[in-house]
Amino acid sequence: MKDGVNGVALAVFIFFFLAVTVMGFLAARWRKAENDSLDEWGLGGRSFGTWVTWFLLGGDLYTAYTFVAVPAAIYAAGAAGFFAVPYTILVYPLIFTFLPRLWSVSHKHGYVTTSDFVRGRFGSKGLSLAVAVTGILATMPYIALQLVGIQAVLDVMGVGGGEDTNWFVKDLPLLIAFGVLAAYTYSSGLRAPALIAFVKDTLIYIVIAVAIIYIPIKLGGFDDIFAKAGEAFSQTNPATGKPRGALAPAEPGQWTYATLALGSALALFMYPHSITATLSSRSREVIRRNTTILPLYSLMLGLLALLGFMAIAAGVKVTNGQLAIPQLFEDMFPSWFAGVAFAAIGIGALVPAAIMSIAAANLFTRNIYKDFIKPDATPEQETKVSKLVSLLVKVGALVFVLTMDKTVAINFQLLGGIWILQTFPALVGGLFTRWFHRWALLAGWAVGMVYGTFAAYGVASPTQKHFGGSSKEIPGIGEIGYIGLTAFVINVVVTVVLTFVLRAAKAPDGIDETKPGDYTADAGDPGVAVELPSATAGAGH
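Each residue of the sequence shown is one higher than the last, beginning at 620 in the working numbering.
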């Protein structure tokens, strides 16, 4: 790592940061309606077309953590880290089947969150609360990891001083970035990240296109890169006594690879921020088009993952694997283009962090504050509460990053993936059938959450006693697999069995406020208008 501050790279980084800050505040005037409601602040007025939605979803799903962590996983363990590529391929046919249905019913009834839909579909505030709490818990460490991505870039640029520097001086750049993010999110809502996503994605595509050509030329070509990576992975890791990794997953790791890819695909669009970006689009057709063009990001992700091999071939040595790719850019690029690359990562953190904080705030406001604290809240009061909660969510993430070890944030994000997957039966199942009983869904969710949490707690690594990974032996099979997928299967089994029991016992159903035609309605269809659910609609536990 170079000594001192990289002044040129820092100047370029600051230029782009200031540019997106101005855009963030100007976004408040972009397509702004007169009424102050969650539809406007939290969903951008449900007005975004195909390309805005594409950039917003891309900015939402392909985060700074993706930019840093996917190649870092390749850098640390080899091709096992490529699981992110097949899972993003698997996810798009999956969401093509259910996202248009979710958009239609949400547009028809004015649903802002997944919990709104669950409450309306199953008539259960208890199940809705479970989905909301899970979404908030899973999102918090995800926001923290975006701040970790910004911090990694700042560390490599030499900003803030060394480990012995006063904590305030060391963390001041991150505090400033956080303050700016909080201010324009509060002011502009979802319009800010939607506008900034254009800059973020353009920068990322440029950086990857240059990196995938320029760096291999400097390193002697891909033959040399893979040869050096294979040699590095064959060396024994002193902590484990086993090879560091492999260019291709060994047979014992194939179950882990496959289950992690499948489980991650099922979980990706359960996250609140994914749904928030989806519901901001103006028509059902926009969603259908996006599920066909979003795979372009998977191509980018495959190229991005190769940077992990390049970091090994370039001789990058870092104690924290999350610094490997920023350090590669610092070492290989001219200072001015390293600044562009760092700006891509930094802005790639701001966009999803904004959307995630908005999504978590909407869940709290609609499904905790309005359902349980102030049922008669006006749209203006809802918006005010959501704005304040979005600030609190970001403050919590910032405290998390500044006070805890970074590996803890990563572990909690892995746990968040296990948790959010347990909302799949209620959300996706509810979009196609009402056969599942609300109490059975709640019981299945609880069992999946408990099993997933305790199973992850029992996973150790060479550096940690608990929460050392997200894979463990699958009960009854004996292979090592993704804990989240195992918990999901247990969740579904419990839900199905209890539904049979509760149906046989004639347990009372909640009130379904939706109709079959709601799931295929489009914005231009006669009779389709946003109908805000009443405070008592779908009541029940």
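Every residue, glycine too, gets a C-beta built ideally from N, C-alpha and C. Remember, predicted model here, so these are calculated numbers, not experimental data.
The beta strand (DSSP E) spanning residue 1092 covers which residue range?
1090 to 1092
Q | Cβ distance (whole Å) where residue 733 is taken to contact residue 1046 below 8 Å | A | Rounded, the Cβ-Cβ distance is 5 Å, consistent with contact.
- Short check: CB of residue 714 to CB of residue 914, under 8 Å? no
Skipping 5 residues on each side, what residues in its chain have a beta carbon closer than 6 Å to that of residue 701? 924
Q | Selection from 1010, 959 and 1097 that minimises the alpha carbon distance to residue 635 | A | The shortest C-alpha separation from residue 635 is found at 959.
Could you tell me which whole alpha helix (DSSP H) segments of length 4 or greater appear in the stretch 1063 to 1128? If only complete runs of 4 or more residues are kept, the stretch 1063 to 1128 shows the alpha helix (DSSP H) at 1102 to 1123, in order along the chain.
* Cβ neighbour criterion (16 or more within 10 Å) applied to residue 632 -> buried
Classification of residue 761 by the beta-carbon crowding that lies within 10 angstroms, buried from 16 upward: Under this definition residue 761 is a buried residue.
TODO: Kindly list the residues whose CB is nearer than 6 Å to the CB of residue 863, restricted to its own chain and excluding five residues on each side of it in sequence; keep chain order.
DONE: 852, 854 and 856
Would you kindly work out how many angstroms separate the C-alpha atoms of residue 1136 and residue 727, rounded to a whole number? 10 Å
What's the C-alpha gap between residue 871 and residue 927?
So the two alpha carbons sit approximately 22 Å from each other.
- Query: Within this structure, are the beta carbons of residue 824 and residue 919 separated by less than 8 Å?
  - Reply: yes
Check your understanding: How about residue 1133 and residue 979: do their beta carbons lie closer than 8 Å?
Key -> It is not a contact, given that the beta carbons lie outside the stated cut-off.
> Starting from residue 1056 and walking both ways along the alpha helix (DSSP H), at which residues does that stretch end?
Replying inline: Here residue 1056 belongs to no alpha helix (DSSP H), and DSSP marks it neither H nor E.
Would you check if the distance between the CB atom of residue 657 and the CB atom of residue 986 is smaller than 8 Å? no
Task: Secondary structure of residue 840, DSSP reduced to three states - done: coil
For residue 865, the three-state DSSP class (helix, strand or coil)
strand
| Since residue 731 is in the alpha helix (DSSP H), which residue starts that stretch and which ends it? | Note, residue 731: premise wrong, no alpha helix (DSSP H); not H, not E.
Review point. What are the boundary residues of the alpha helix (DSSP H) that includes residue 897?
Key: 891 to 898
Point to revise | residue 1021, enclosing alpha helix (DSSP H) - first and last residue | key: 998 to 1022
What number of angstroms, rounded off, separates the C-alpha of residue 1019 from the C-alpha of residue 809? The alpha-carbon atoms of residue 1019 and residue 809 are separated by roughly 24 Å.
* Is the number of C-beta pairs between the stretch 674 to 684 and the stretch 962 to 976 that are closer than 8 Å three or more? -> yes
Beta-carbon proximity list for residue 890, same chain, < 6 Å, skipping 5 on both sides: Closer than 6 Å at the Cβ level, and outside the excluded window around residue 890, lie 1039.
Alpha carbon to alpha carbon, what distance is there between residue 723 and residue 900? Those two C-alpha atoms are separated by around 11 Å.
What residues match up with residue 697 in a beta bridge as DSSP calls it? 865
Please state if the CB of residue 1110 and the CB of residue 1054 are separated by a distance shorter than 8 Å. Against a cut-off of 8 Å, the Cβ pair of residue 1110 and residue 1054 comes out as no contact.
Residue 903: which of 725, 865 and 624 sits nearest, CA to CA? 725
Note to self: Only counting the same chain, and skipping five residues up and downstream in sequence, which positions put a Cβ closer than 8 Å to that of residue 693?
What the structure shows: 700, 701, 924, 925, 926, 927 and 928
Relative to the C-alpha of residue 1095, which candidate in 814, 949, 730 and 1108 has its C-alpha closest? Checked all of 814, 949, 730 and 1108; the closest Cα to residue 1095 is 1108.
Item to check | Option nearest residue 1036 by Cα separation, candidates 906, 1101 and 995 | outcome: 1101
**Report entry** Limits of the alpha helix (DSSP H) - the one that residue 747 falls within
**Finding:** 744 to 776
| query | Who are residue 986's beta bridge partners in DSSP? | reply | None, per the DSSP bridge assignment.
Under the three-state reduction of DSSP, which class applies to residue 1030: helix, strand or coil?
Of the three classes helix, strand and coil, the one that applies to residue 1030 here is helix, per DSSP.
Rounded to the nearest angstrom, what separates residue 791 and residue 766 at their Cα positions? 13 Å
Check residue 1156 in the structure and name its three-state DSSP category.
Confidence at residue 1156 is low in this model, with a pLDDT of 38, below 50, so the placement of that residue is unreliable and no value is reported for it.
Next item on the list: Give every residue of the same chain whose Cβ lies closer than 8 Å to the Cβ of residue 955, excluding the five residues on either side of it in the sequence, and list them in chain order.
Entry: Contacts found: 627, 628 and 631.
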